[in-house]
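Enquirer:
Number of protein chains: 2
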Amino acid sequence: MPMSTSRPYHHGDLRSALLTAAERTLRDKGAAALSLRELARDIGVSHAAPGRHFKDKQALLDALALDGYDRLMQTLATADDPTLPLQPRLTGLTRAYLRFATDNAALLELMYSLKHDPDASEQMAAAAERTVQSLAAIVAEAQRRGEIIEGDPAMLTLTVGAALHGIATFAANGHADAQAAVDGVDTLVHLLLHGLLPR
Amino acid sequence: MPMSTSRPYHHGDLRSALLTAAERTLRDKGAAALSLRELARDIGVSHAAPGRHFKDKQALLDALALDGYDRLMQTLATADDPTLPLQPRLTGLTRAYLRFATDNAALLELMYSLKHDPDASEQMAAAAERTVQSLAAIVAEAQRRGEIIEGDPAMLTLTVGAALHGIATFAANGHADAQAAVDGVDTLVHLLLHGLLPR
DNA sequence: CAGCATTGTTGGCAACGCCTACATTGAGGT
DNA sequence: ACCTCAATGTAGGCGTTGCCAACAATGCTG
Chain A
1 MPMSTSRPYH
11 HGDLRSALLT
21 AAERTLRDKG
31 AAALSLRELA
41 RDIGVSHAAP
51 GRHFKDKQAL
61 LDALALDGYD
71 RLMQTLATAD
81 DPTLPLQPRL
91 TGLTRAYLRF
101 ATDNAALLEL
111 MYSLKHDPDA
121 SEQMAAAAER
131 TVQSLAAIVA
141 EAQRRGEIIE
151 GDPAMLTLTV
161 GAALHGIATF
171 AANGHADAQA
181 AVDGVDTLVH
191 LLLHGLLPR
Chain B
1001 MPMSTSRPYH
1011 HGDLRSALLT
1021 AAERTLRDKG
1031 AAALSLRELA
1041 RDIGVSHAAP
1051 GRHFKDKQAL
1061 LDALALDGYD
1071 RLMQTLATAD
1081 DPTLPLQPRL
1091 TGLTRAYLRF
1101 ATDNAALLEL
1111 MYSLKHDPDA
1121 SEQMAAAAER
1131 TVQSLAAIVA
1141 EAQRRGEIIE
1151 GDPAMLTLTV
1161 GAALHGIATF
1171 AANGHADAQA
1181 AVDGVDTLVH
1191 LLLHGLLPR
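Protein chains in written order, with this note's numbering: chain A, 1 to 199; chain B, 1001 to 1199.
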């Protein structure tokens, strides 16, 4: 493998090299600052080479977002401890989501961005749906155990999911101080479970 | 005013014309598809004219976002009925926010976007803060009336705000069907108030 | 009415996304 | 072993964009 003197004509794994470099740029300078030509320069290939692997700039962004969903789901799966009672279990999940959101703010924004290619949008929706499903499973299980009230599990999931997503985006955008948000997770989950009305 | 034959040298109100046209493009084709030169063409001025009113493309986007905050706050203020008990009051507000989010999805995405000019970011944060404050006032008032539990009002506000914001972005992004979200508002607010635990 | 700040115009520059034609490579079939 | 061919990378060009500088028209203000 003659890699020391002159780069071989074929890069070998340009596609993943592009994704890695793009992820870095996304993290550092945001999605709008991402340029295919600049990526090509950084990697050391010609300006048209990326076109072989992504028909579009948007196609690359879509791939990045899809990978983000995978990583998010894996993060949540790792953080989830099914042996815990509901409240600490949700608290842990929320913390994990919050950390992911603050660590990957630009990526999260991209994942939730409105303009993806129609077909990529389907994959996106499917990925999001899988994430929601894992939450729905937790809710359904808690219902079975009698830990939480009965009622349309989809609505319960939607409510919990909305709260989690909301706090995560607040943290990612700095609308709520990140550390304050993390500290407030216990309270937030508690409020979600016990409600705001006096008991 | 010689406006019939040849446009006068000065447009008269180019700044607001730009904002209006930009709003339309934003709604139709998204923020990324917005081009200063195209706006200038549509309005009928030279391609450099917008530069007199917005130093940057980002400056125009920032102005658009700030206007969005104003409109959102006005929408919420109009929808708010302080004479109502907490639950229907919150339900009404949530519905209004949901409608705004679905009617102005691209604008909302822009408003919550990460990359604004630093000074514009301050105004942005201030605008968001004002919106949160109006919600905080409702929470505080409900606490005074004994309608909801005591405790750090900031945390209660954060929780409610996160849920509202989450459901709104879900609806705007189509992750939850818009109509389903609207129909679910009653349930969502009810869950927020009563909690998920059995009583 | 003279001067000057405001607002618009023209032209140019570099960068970008995307396209087409061509070059190099590796893998599979005979 | 060869030959073909799809896959991958290169070179160049086109149209558009954001931004800048130099110049022109306008209208306010002393």
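Backbone N, C-alpha and C define an ideal beta-carbon position, used for all residues, glycine too.
All values reported here derive from a predicted model rather than from experimental measurement.
1) Between the alpha carbons of D207 of chain A and L1156 of chain B, how many angstroms are there, rounded?
2) Please report whether the beta-carbon of K115 of chain A lies at a distance below 8 Å from any beta-carbon of chain B.
3) From P82 of chain A to R89 of chain A, what distance separates their C-alpha atoms?
4) Determine, using beta carbons only, whether N173 of chain A comes closer than 8 Å to chain B.
5) If you check the beta carbons only, do I1148 of chain B and P198 of chain A fall under 8 Å apart?
6) What does Y1156 of chain B reach in chain A if we use C-beta pairs closer than 8 Å?
7) Just verifying my parser: in three-state terms, what is the DSSP assignment at D1013 of chain B?
8) Would P2 of chain A pass as an interface residue toward chain B - the criterion being a Cβ-Cβ separation below 8 Å?
9) First and last residue of the alpha helix (DSSP H) that includes E1038 of chain B?
10) Would you say L171 of chain A and A101 of chain A are within 8 Å of each other, going by their C-beta atoms?
11) Grab the span of the alpha helix (DSSP H) containing N173 of chain A for me, first residue to last.
12) Could you give the DSSP three-state label for A1077 of chain B: helix, strand or coil?
13) Would DSSP call P118 of chain A helix, strand or coil?
14) Identify the continuous alpha helix (DSSP H) that holds Y97 of chain A and give its terminal residues.
15) If you drop the 5 nearest sequence neighbours on each side, which residues of the same chain put their C-beta closer than 8 Å to that of G92 of chain A?
16) When the Cα atoms are used, what is the spatial distance from E1122 of chain B to A1065 of chain B?
17) T159 of chain A: which of A:L110, A:R144, A:V139, A:R37 sits nearest, CA to CA?
18) With the cut-off set at 8 Å, would you say G1195 of chain B and L114 of chain A are in Cβ contact?
19) What would DSSP say about T25 of chain A, mapped onto helix, strand or coil?
20) For H1175 of chain B, count neighbouring Cβ atoms within 10 angstroms of its own Cβ and tell me buried if that reaches 16, exposed if not.
21) Using C-beta distances below 8 Å, list every residue in its chain close to Q87 of chain A, excluding the 5 sequence neighbours before and after it, in chain order.
22) When you compare the CB positions of Y69 of chain A and A137 of chain A, do they come within less than 8 Å of one another, or not?
23) What are the boundary residues of the alpha helix (DSSP H) that R1190 of chain B is part of?
24) To the nearest angstrom, how far is the alpha carbon of L135 of chain A from that of E150 of chain A?
25) State the Cα-Cα distance for the pair Q74 of chain A and A178 of chain A, rounded to the nearest angstrom.
26) Going along chain B, which residues have a C-beta under 8 Å from A106 of chain A?
Expert: By the coordinates alone:
1) The first residue shown for chain A is 1 and the last is 199, placing residue 207 of chain A beyond what the model contains.
2) With 8 Å as the cut-off, K115 of chain A counts as an interface residue toward chain B.
3) A straight line joining the alpha-carbon of P82 of chain A with that of R89 of chain A spans about 7 Å.
4) The C-beta of N173 of chain A comes closer than 8 Å to at least one C-beta of chain B.
5) Taking 8 Å as the Cβ cut-off, I1148 of chain B and P198 of chain A qualify as a contacting pair.
6) Residue identity check: residue 1156 of chain B is Leu in the sequence provided, not Tyr. Those are L191, L196, listed as they occur along chain A.
7) D1013 of chain B: coil per DSSP, three-state reduction.
8) Residue placement at P2 of chain A is flagged as unreliable, the pLDDT there being 35, under the threshold of 50; the coordinate-derived value follows with that caveat. For P2 of chain A, no Cβ of chain B is located within less than 8 Å of the residue's own Cβ.
9) It spans 1036 to 1043 - the alpha helix (DSSP H) in which E1038 of chain B sits, taken as one unbroken run.
10) Here the sequence assigns Ala to residue 171 of chain A, which means Leu is not the residue at that position. Here A171 of chain A is near A101 of chain A, since their CB atoms are less than 8 Å apart.
11) DSSP places N173 of chain A inside the alpha helix (DSSP H), whose first and last residues are 153 to 173.
12) In this structure, DSSP gives A1077 of chain B a helical state, which the three-state scheme calls helix.
13) Under the three-state reduction of DSSP, P118 of chain A is assigned to helix.
14) Note, Y97 of chain A: alpha helix (DSSP H), 86 to 103.
15) Around G92 of chain A: A79, D80, D81, L84.
16) Answer to the nearest angstrom: the Cα atoms are 12 Å apart.
17) Closest in C-alpha terms to T159 of chain A, from the list A:L110, A:R144, A:V139, A:R37, comes A:V139.
18) The answer is no: Cβ separation not under 8 Å.
19) If DSSP states are grouped into helix, strand and coil, T25 of chain A belongs with the helices.
20) Counting every other CB atom within 10 Å of its CB across the protein chains shown gives H1175 of chain B a total of 16 or more, marking it as buried.
21) The residues are V189, H190, L193.
22) Not closer than 8 Å, so no.
23) The question names Arg, yet the displayed sequence has His at residue 1190 of chain B. Counted as a single uninterrupted DSSP element, the alpha helix (DSSP H) harbouring H1190 of chain B occupies residues 1178 to 1194.
24) Each residue's alpha carbon lies about 16 Å from the other.
25) Approximately 22 Å between the Cα atoms of the pair.
26) Against A106 of chain A, the close residues of chain B are L1114, in the order they occur along the chain (beta-carbon pairs closer than 8 Å).
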